[in-house]
Amino acid sequence: MDETLSVLEVARRLRRSPVLLRDPRWRRRVGLPAIRVNGRTIGFLARDVEALLQRARERFPAGSVS
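Read in order, the letters of the sequence shown correspond to residues 43 to 108 in my numbering.
Below, the structure written as structure tokens:
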């Protein structure tokens with residue numbers, strides 16, 4: 043079974059607001075599927091968060107942005 047991360051944990055890892063993580067348009071734009079129950083976002087799969095972070099590292103390598 044895949045590890046599930048809470049909205050607050052993902053917000054800390056991505057350095058984003060928890061409110062932004064609940065926005066479906068933002069999640070669709072960055073490609074982060076959510077786990078939803080009764081219409082509420084309750085968390086994310088750890089592998090999806092790691093894939094998002096890896097894409098960001100590839101797009102903006104360390105030292106490339108000044």
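We put the beta carbon where it would ideally sit given N, CA and C, even for glycine.
Source: prediction; values computed, not measured.
Apply the 10 Å Cβ neighbour rule to residue i and answer buried if 16 or more other Cβ atoms are within range, or exposed otherwise.
| i | result |
| --- | --- |
| LEU62 | exposed |
| VAL79 | exposed |
| GLY105 | exposed |
How far does the beta strand (DSSP E) with residue i in it extend, from its first residue to its last?
| i | result |
| --- | --- |
| ARG82 | 82–87 |
| ARG78 | 77–79 |
| LEU47 | 46–48 |
Excluding the 5 residues flanking residue i on each side, which residues of the same chain have their C-beta closer than 8 Å to its C-beta?
| i | result |
| --- | --- |
| ARG97 | GLY73 |
| LEU121 | The structure shown does not extend to residue 121, since the chain is modelled only from 43 to 108, so the question has no answer here. |
Could you check how far apart the C-beta atoms of residue i and residue j are, in whole angstroms? I think they sit under 8 Å.
| i | j | result |
| --- | --- | --- |
| VAL91 | LEU47 | 6 Å |
Within its chain, find whatever has a CB closer than 6 Å to the CB of residue i; leave out the 5 residues flanking it on each side and keep chain order.
| i | result |
| --- | --- |
| ARG64 | THR83 |
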